[in-house]
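Colleague: Protein chains in written order, with our numbering: chain W, 1 to 474; chain Y, 1 to 474; chain V, 1 to 474. Yeah, the Cβ is synthetic: ideal placement off N, Cα and C, and Gly gets one too.
1) For residue 364 of chain W and residue 335 of chain Y, I'd like the C-alpha separation in whole angstroms.
2) For a cutoff of 7 Å on Cβ pairs, would you count residue 390 of chain Y as touching chain W?
3) Taking DSSP as the reference, what is the three-state secondary structure of residue 200 of chain W?
4) Can you give me, in chain order, the residues of the region 396 to 418 of chain W that have a beta carbon less than 7 Å from any beta carbon in chain B?
5) Is it buried or exposed for residue 91 of chain W, if we count other Cβ within 10 angstroms and need 16 for buried?
6) Using 7 Å as the limit for Cβ to Cβ distance, is residue 232 of chain Y near chain V?
7) Of the choices W:259, W:130 and W:291, whose alpha-carbon is the least far from that of residue 272 of chain W?
8) Helix or strand or just coil, what does DSSP make of residue 127 of chain W?
9) Relative to chain V, which residues along the region 69 to 93 of chain W have a C-beta separation below 7 Å, given in chain order?
10) In chain order, what residues of the same chain have a beta carbon less than 7 Å from the beta carbon of residue 164 of chain W, not counting five sequence neighbours either side?
11) Answer with buried or exposed for residue 225 of chain Y, where buried requires no fewer than 16 other C-beta atoms within 10 angstroms of its C-beta.
12) Note the first and the last residue of the continuous alpha helix (DSSP H) segment covering residue 468 of chain Y.
13) Go ahead and pull the three-state DSSP assignment for residue 254 of chain Y.
14) Who are the Cβ neighbours of residue 205 of chain Y in its own chain at under 6 Å, not counting the five residues just before and after it?
15) Can you find the residues in the same chain that come closer than 7 Å, C-beta to C-beta, to residue 433 of chain V, ignoring five residues on each side of it along the sequence?
16) I need the boundaries of the alpha helix (DSSP H) containing residue 23 of chain W, first residue and last residue.
17) Among Y:325, Y:355 and Y:374, which one has its Cα closest to the Cα of residue 339 of chain Y?
18) If you scan the region 342 to 385 of chain Y from start to end, which runs of the beta strand (DSSP E) of 3 or more residues do you find wholly inside it?
19) Run down chain W in chain order and give the residues with a C-beta less than 8 Å from the C-beta of residue 364 of chain Y.
20) Which value, in whole angstroms, describes the spacing of the CA atoms of residue 513 of chain V and residue 403 of chain Y?
21) Going by C-alpha to C-alpha distance, which of Y:286, Y:126 and Y:182 sits closest to residue 268 of chain Y?
22) Helix or strand or just coil, what does DSSP make of residue 289 of chain Y?
23) Which bits of chain W does residue 460 of chain V rub up against, with CB to CB less than 7 Å?
24) Can you find the residues in the same chain that come closer than 6 Å, C-beta to C-beta, to residue 254 of chain Y, ignoring five residues on each side of it along the sequence?
25) Would residue 112 of chain Y count as contacting chain W if we go by Cβ distances under 7 Å?
26) Thinking residue 260 of chain Y and residue 346 of chain Y are a contact (beta carbons under 8 Å), I'd like their distance in whole angstroms, please.
27) I want to see whether chain W comes within less than 7 Å of residue 335 of chain Y, judged by CB atoms only; does it?
28) Going along the chain, which residues of the region 439 to 467 of chain W sit with their C-beta nearer than 8 Å to a C-beta in chain Y?
29) Using three-state DSSP, classify residue 270 of chain W as helix, strand or coil.
30) Opposite residue 132 of chain Y in the DSSP bridges: which residues?
31) Hey, could you find the ends of the beta strand (DSSP E) residue 317 of chain W is sitting in?
32) May I have a chain-ordered list of the alpha helix (DSSP H) segments no shorter than 4 residues that lie completely inside the region 69 to 131 of chain Y?
33) So residue 311 of chain Y is in the beta strand (DSSP E); what residue range does that whole segment cover?
34) May I ask you to list the residues that DSSP assigns as paired with residue 169 of chain Y?
35) Apply the 10 Å Cβ neighbour rule to residue 308 of chain Y and answer buried if 16 or more other Cβ atoms are within range, or exposed otherwise.
36) Check whether the Cβ of residue 11 of chain V lies closer than 7 Å to any Cβ atom in chain W.
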């Protein structure tokens, strides 16, 4: 096939109906240049703390850290070793980054119609100035162009951060983190606002990989020997205060289910004691996680940190792959998730408290119209996070709006999260989300459901106001 | 913001594609003036029995009884006390109805894109003649206009009933009801057809709040001391006959799950005995409810009452709110609902009997294409009720048609239910449903799936014929 | 009503938006005449083995074998006896095929907006040359026209097979089948490629109806007395080799759930022993089926047969109907289906093996975006089958693409299956699927998601390449 230009029409992702598209374009134009609020993500803060940080090769920057990309090739039989993915078991892997890039390019058609395909097209052309579509033929030329750009000062992380018009960017950090990069950033005098997020899963989920070691790290960081449940609570409170001192506005929690249950302090202490002795049962782990979600809500009411909950992922589904490559390799698979009954203990105790903001995420869309929208349309403390992970896509975001908005309204949602490790994909992700929201709102206008002035306000809310308010960034 | 007119375009809710919209408009025009069959609802019959009934203030008419409205404000942190919602625990609440209305108006943007917003726009403009959109600025002027209308004789309930072109309206009444308002209506000579619906949940669900007292009321009403299972059956049969004598055509049943199981008379009697002694277990309650659903089907086959089943709501999810304000406060949250296995005992015994009409409702859309459409597309006794509660919306009704019609066809559905307590919202609800159905059918025409003459017949069926046939109103 | 022509516009099922429709039409034109790969179906091979085979009456050909049709009439109260459906209990049934056809025609409006309605319209007009829409009035005339065509040599099965442009057609055959029709076909010199599919459910599902007899038939066919678990494995391997010798490329497996578990050979043998003695428990059956799915995957890796898994149907839900008419009467109802945890044992052991192709089907659409797309977007051995049974419809196929493609991409799917017993409906089914895929792809083009050249390749993949590759037909 002849070389093709990157396909990225100016009015992409908008409804083909001319009347709807016109309104969508109008709405999108009003927000396309608003600053980005990156309220939830996984970018490494080190790249900003170190003024000389270099992204490495195109393969290092784009392919190796992005499990959205390499899992798709893996699903079609491409071994991860061929993609230069490092093995944690020390086994051999491709070291020629051009060769790995070629394999990626050879399979680029797999991304047709996927969000990764859309993000890459935007990133290649708008961030790196590449014009040709990636393919077997263009692989090395595209590699050269990106490598050349990466060698220039304009492509240092801080310069891109400014060019991307990021107003604030949250990282995600374990409870024991010393946040040394956030500290250096604060000291550096650079204006970029990069703030930590407190994620205590590694110590409050008793079955977390490396739990024991995480606890030691927490003890060290907090200066509290975490040898009992009260000590754990003290250490967590200590760390939350430290995170807040470096600008944190939120916590983040993952669990297989959103099960909540309040244990008595005695019960909590005896479960924690069993865990310390290596005797905790799976039921102990479930109950303790459920209890610690309630404790986190209590702490949030006291210190004002917004609480985020991401349930429903069965992590590391593929044991052989996990043994060879570790976590975050594209082998986390969602499961059906129940919210109504699981969250009742927490919501009964804290759901009516307007000092709490609990943002719920989901990987099970069947819960959206059934459970999540009715819950968020009732409890003052609840908000719904944007469609997460697999659902962070044109259809996924459209379904989210269609299933949530009629019951919960727009104003019980919190704007967009890019949730990414792939720093140069951030503009692509926000731009796509703004287009999809513009398109949804244009559909409401074109069908006479809301007036244009209302849609304009809703558009601004989607792109900026809702995130600013929910995450208390104002 | 400047005052805006109410946004209610003539061709609202129709597809923006011009060809589709044209067909949709054509279909809608054919049914827009058909009389309304209000086959399932919760309007208080007293307002029609009393010729001098007055609706009270705009706040009393529109805000206080409508949990769709006040739960949305509550979800954004507005205390119900500020909305003049009465507390059952005797706590203080706003008594100035104008002040409560102002709070409602201040938050009116929350209803953008919601069915409540669409219904209110219609109700304000088409029923009350208000022209300006409700807002902080227009709140008191709108209040004045509505209050003025309510003071006129044209706004007495019977006059509105006639103006709304309601052919029949079903109320929902507990098994023990004396139906005194229905009786006075019959005696009054007024032509409006308002009929009761027999809802026995309060006595057949052993865990219903106030079960014991309900039983006493049933004993009194039926003249049968309900001190055993056979007496319960006799009392229910007695009341069904009484309801039928006042025009009832249907029964209504709610349960957390549609679980059915046939107990032997001995088992039923001993479970009922335990309940009378206050010793029933949760399992007893589940089994007894499941058994009584089967008994209700048996009675329906004998007396011809259409049976409606509304499962899947976890009632009173918020205990503090329940303690303060009681039930129906917007805190009923759906749960995932299984139909295939749960209904098998009932359907095995009665599903092939064409004398039975069992209308199933749902709050779990994932069951629509998976379970409900295949069940309704097979069993002669089954029909599917319209999308209920949270799903009674533009997207909800559209998804219902898209998920049900290909497997069950149109003719295993039963038209629209307004299911409302808010009497003046009835025209808005039927009008919206007719527009959504017109739009769905126009999509079938525009894509060449059905011919126009077929769509015209289907349109009439959606707006009138299906409800008339399913509820035996002809 | 006056007689109407069959409604079958040339550009049917395409989006009404003119720009989208134009692209859809272009894409459809590129594949409309490609040969059909009928990779999964239930057509009786006897009709091709016997050169003199006649289809019988229109009622015998179209109505009696098609539970999609007669279940819809049954759901509206038409007894199956009136439709000439044979009773297995020997009870009386209509014998006048014209009378049965009249009843079918009287209720033809029930199929408005259903896939059956679309297929019948195509079949009547394009296969049989009928012009008038079936109705009470046209019933006998249409019957005459079809009967007349069926009497001509052009309507012998082999001639239709050629006219339909079928390149390969898979049948579905029990493990014990002698495949005598496939053998005669091979010997006959006729060029049509009709190949068997190995379906061992009757012997590996211990609770299959007639299990004991199926086992005897397997013993006979394989020449191995299946009196132990090792003998069962030997017999199955023997039959798989035999099926492969007659062209088989695939196996097929049904189960209520996709539960998998590896038993030790000792456990497997003792469960099988209990089954032989009539002592197997329901749990034994579940575990054995789960184990045999793993064994089938192991055999597939060894012999190259593609493995298909169809879970999630509660068979024979209506016991009275089953007693009178037997299985496949429209009374199989789907249940919610869990894949993530159930398939983990199988995928942990074989999911990374590129020699295995496991094609998963579903009747529970809520699993598509949640579980199936993430699984298929990761494991090299997995592919997703097309929407099955109730979901093999315009909306069902559209939802499938919208829910699967963004996460799994197009290339982890396997094209279309007609999955039918109704041979003359095959062109209608493939044509409809090609139109729906063209429409989906046109939507991607019209919204700027993929370029036209990409859509053209994807279109060819949907219509031909994916099925050819997945089923190893090249």
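Modeller: Per the coordinate set shown:
1) 14 Å
2) At least one chain W Cβ lies under 7 Å of residue 390 of chain Y.
3) coil
4) Considering every chain present, this structure includes no chain B. Its protein chains are W, Y and V.
5) exposed
6) Residue contact check for residue 232 of chain Y against chain V: no CB pair falls below 7 Å.
7) From the listed residues W:259, W:130 and W:291, the smallest Cα separation to residue 272 of chain W is found for W:291.
8) helix
9) 71, 72, 74, 75, 76 and 77
10) Around residue 164 of chain W, the same chain offers 36, 426 and 427 as residues with beta carbons nearer than 7 Å, after the five sequence neighbours per side are excluded.
11) exposed
12) 466 to 470
13) In the three-state DSSP reduction, residue 254 of chain Y falls in the strand class (E or B).
14) 289
15) If we look at residue 433 of chain V and ignore the five residues flanking it on each side, its Cβ neighbours are 397 and 416.
16) 18 to 31
17) The option with the nearest alpha carbon to residue 339 of chain Y is Y:374.
18) 358 to 360 and 382 to 384
19) 366 and 370
20) Not covered by the structure: residue 513 of chain V. The range shown for chain V is 1 to 474.
21) Y:286
22) The DSSP-derived three-state label of residue 289 of chain Y is helix.
23) What residue 460 of chain V touches in chain W: nothing, since even the nearest Cβ is about 12 Å away.
24) 201 and 310
25) yes
26) 4 Å
27) yes
28) 443, 444, 446, 447, 448, 449, 450, 451, 453, 454, 457 and 458
29) helix
30) Y:5
31) Unbroken run through residue 317 of chain W: none, as it is neither H nor E.
32) 97 to 106 and 115 to 122
33) 306 to 311
34) Y:38 and Y:194
35) buried
36) no
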